[in-house]
């Protein structure tokens, strides 16, 4: 049994040991948190890259479609062809009603696909 005079140094030693354990535990927790954050940032950047590529492609396609439609509209206007004007305007409206975002579907499915290391992306 510890004598009264020995308790104070023992208590200090225990407190010091607990502090060391706590410090080591917090350090490990910080390391784990930083590793998780690095992983998540990498996933977000990968998703950003994929989405940027998708949008560039999707909007480039839309731009080409609109350019073609407006060229046809100009031609129809020059020829004063009412049927062609009507058809081209319907085409313009139909394309304008659609959204590249609608083609993405449910964003939670995209997140699940990004988390899947075996997912194959085709662009």
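In this note's numbering, the protein residues as written are 11 to 133. Ideal Cβ positions, reconstructed from N, Cα and C, are used throughout, including at glycine.
#### Entry: N-terminal and C-terminal residue of the alpha helix (DSSP H) that residue 93 is part of
92-107
### Validate contact between the stretch 72-79 and the stretch 94-109 using beta carbons, cut 8 Å, 3 pairs
yes
### Task
Assign residue 48 to one of three DSSP states: helix, strand, or coil.
helix
### Query
Apart from the five residues on each side of it in sequence, which residues of its chain come closer than 6 Å, Cβ to Cβ, to residue 68?
110
### Task
Give a yes or no on whether the C-beta atoms belonging to residue 8 and residue 79 are separated by under 8 Å.
A question about residue 8 goes unanswered here, because the residues of the chain that appear run from 11 up to 133.
#### Entry: Alpha-carbon spacing of residue 45 relative to residue 59, whole angstroms
21 Å
### Query
Helix, strand or coil: how does DSSP classify residue 127 here?
coil
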